[in-house]
Amino acid sequence: MSYKTYTSEFKAKVVIEVLQGEKSLSEIASQYNLNPNMVRNWKSEFLENASMIFENPKKAEKAARRKEEALKKEKETMLKTIGQLTIERDFLQDCFRRSGRPVPELDPEKR
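Take the sequence shown: its position 89, counting from 1, is numbered 89 in the UniProt record's numbering, and each next residue is one higher.
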């Protein structure tokens, strides 16, 4: 299933129409053959980021860099945790095999 992508300009146009209030969100979504929930998400994102228009570009760039660095650190931490858990799982499976016991299988539905 392929998803259609929309330009930033199109999203802004749709959101501005919603904010003008001449038509309901559902009417506008129907007019453009869009899912109303998607339009709601666009509107929320637009409103959350509206203040960026008035920010100093250097300040916005710094904030974006800080956010990117924080996400990189979070990713590193998660990858380290995954690596550690993989080592622990492999060790425990090896212990079961050496003792002659079957390695327990986890049911993904019960996680």
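Where is the CB? At the ideal position from N, CA and C, for every residue including glycine. This structure is a prediction, so every number in the text was calculated from the model and none was measured.
Query, Result
"Same chain, Cβ closer than 6 Å to F96, five either side skipped, listed in chain order", "V103"
"Separation of P57 from A63, as counted between CA atoms", "10 Å"
"Cβ neighbours of N35 in the same chain (closer than 8 Å, five flanking residues each side left out)", "A29"
"Cβ-Cβ distance between A12 and F54 below 8 Å", "no"
"Inter-residue Cα distance where the pair is A60 and N33", "34 Å"
"Reduced DSSP category for R89 - H, G, I as helix; E, B as strand; rest coil", "helix"
"DSSP state of T7 mapped onto helix, strand, coil", "coil"
"Every unbroken alpha helix (DSSP H) inside the stretch 2-60 [4 residues or more]", "8-20, 25-31, 36-49"
"Own chain, CB closer than 8 Å to S26, minus 5 neighbours either side, in chain order", "P36"
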